[in-house]
């Protein structure tokens, strides 16, 4: 399953994708759930989750480094055989599919509540996934180029948003620092490590990047910067809305934008930020649709994974419409994060052991 050089992306484009894929969590239901668990220390949870997931990332990168040019699917089929490789790919696919469905449903709920209250939920869902499918069908390189074109605008919009609201920030609202207690925060940070599971899933795309060095730097920079950005924005949300009021806000980011204004002339600045957020959401889910098709295609050992893009988009919509309301979406998200943490945390060590055993057996021959 080789990828020609024309289809590969460079380090800056791949970093941009990662900044979007991970950074978008600052604008969805993730922040609300973390505040419910961590209270005034909720903004620390992304940093702790980052630390735990970095351990798994380092272990997995040690295997990838020894097998330069190979992505995670190629490696697991080599060291685990057809059955082991297929099983691991299917597990990763299932975890990514369910989380994409639940996350996308959360985004559609936000769009329905904040922008198009009178539009049917399924219609908004279909339009979002149709737009994401169209972008995904252009290929991974196209997603990367669009991400690179938009990333500076995204970061600039965040800086602008925070600067507008700076006078409303009261950092004393972050006290007490430990929230429900240090041990509880550490436990919550560990149990929510899968919120950064993209760092494991993205290793499947190593062959799509020009060099392994570009992949390693791009994933690490995107992972760490996005985690810090999420933590900082959560601290800002808490400093503006205070606790416990913030846990009663279904969507802190969207509420944050509603409080912004550019002087007395342009008092509805949220329309600018929400519109921009909708565009980025399309790129965000385009990446996930492509990744789902890529993982499932490799599990089936086929090069024609592009033909799976439309079925993946349809499957996401079908599963995403199962929850009856936002509370169910949050419950499913919590459940999936817990199980995915076990998968993403243990899988790199399993692959490392399989690789070690494979090298030991072949060293004797």
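Residue numbers (our numbering): 824 to 1188. We put the beta carbon where it would ideally sit given N, CA and C, even for glycine.
- Residue 1057 and residue 1164 do not touch by the CB rule: their CB atoms are close to 19 Å apart, not below 8 Å.
- Bounds of any alpha helix (DSSP H) do not take in residue 961, whose DSSP letter is neither H nor E.
- Restricting attention to 853, 897 and 1182, the CA atom closest to the CA of residue 1125 is found in 897.
- In the structure shown, residue 1032 adopts extended strand secondary structure according to DSSP, grouped into three states.
- Residue 1173 has its alpha-carbon roughly 33 Å from the corresponding atom of residue 1146.
- Taking all protein chains shown into account, residue 905 has fewer than 16 neighbouring C-beta atoms within 10 Å of its C-beta and is therefore exposed.
- In the DSSP assignment, residue 862 falls outside any alpha helix (DSSP H) and carries neither an H nor an E.
- Under DSSP, residue 832 takes part in a beta bridge, and its partners are 1032.
- Taking every protein chain shown into account, the CB of residue 1018 has 16 or more other CB atoms within 10 angstroms, so this residue is buried.
- Boundaries of the alpha helix (DSSP H) harbouring residue 869: 868-889, taken from the DSSP string.
- Under the three-state reduction of DSSP output, residue 1147 falls in the coil class, being neither helix nor strand.
- Short of 6 Å from the beta carbon of residue 1175, and not among the five residues preceding or following it, lie these beta carbons of its own chain, in chain order: 882 and 886.
- Closest by C-alpha distance to residue 988, out of 1108, 961, 1083 and 1098, is 1083.
- The count of Cβ pairs closer than 8 Å, one atom from the stretch 1148-1158 and one from the stretch 852-868, reaches three, so the stretches are in contact.
- Residue state for residue 1185 is assigned as helix, using DSSP reduced to three classes.
- Under the three-state reduction of DSSP, residue 1168 is assigned to helix.
- Following the DSSP letters along the chain, one finds residue 1009 inside the alpha helix (DSSP H) bounded by residues 1005-1014.
- Using a Cβ distance threshold of 7 Å, residue 909 and residue 1122 count as a contacting pair.
- Here residue 1044 has 838 as same chain residues with Cβ atoms under 6 Å from its own Cβ, once five neighbours each way along the sequence are excluded.
- For residue 941, there is no enclosing alpha helix (DSSP H), as DSSP gives it neither H nor E.
- With a cutoff of 7 Å on beta-carbon distance, residue 1063 and residue 955 are scored as not near each other.
- Taking a C-beta distance under 7 Å as the contact criterion, residue 1128 and residue 1109 do not qualify as a contact pair.
- Of the other Cβ atoms in all chains shown, fewer than 16 fall within 10 Å of the Cβ of residue 945; this residue is therefore exposed.
- For residue 1107, the enclosing alpha helix (DSSP H) has its first and last residue at 1093-1122.
- Per the coordinates, the alpha-carbon of residue 849 lies some 16 Å from the alpha-carbon of residue 1081.
- In this structure, residue 873 keeps its C-beta atom at 7 Å or more from the C-beta atom of residue 986.
- Within the same chain, 1037, 1040 and 1041 come within 7 Å of residue 834 by CB-CB distance, once the 5 residues on both sides are set aside.
- Exposed is the label assigned to residue 878, since fewer than 16 other Cβ atoms lie within 10 Å of its Cβ.
- Scanning its chain for C-beta atoms nearer than 8 Å, with the 5 sequence neighbours on each side dropped, one finds around residue 1180 the residues 902, in chain order.
- In this structure, DSSP gives residue 1162 a helical state, which the three-state scheme calls helix.
- In the DSSP annotation of this structure, the continuous segment of the alpha helix (DSSP H) that includes residue 1079 starts and ends at 1075-1081.
- Counting only the Cα atoms, residue 1060 lies some 29 Å from residue 969.
- At a Cβ-Cβ threshold of 7 Å, residue 1012 and residue 871 count as neighbours.
- With contacts defined by Cβ atoms closer than 7 Å, residue 1001 and residue 864 form a contacting pair.
- Annotated three-state conformation of residue 1065 is coil, per DSSP.
- The residue among 965, 1054, 1137 and 875 with its C-alpha nearest the C-alpha of residue 847 is 1054.
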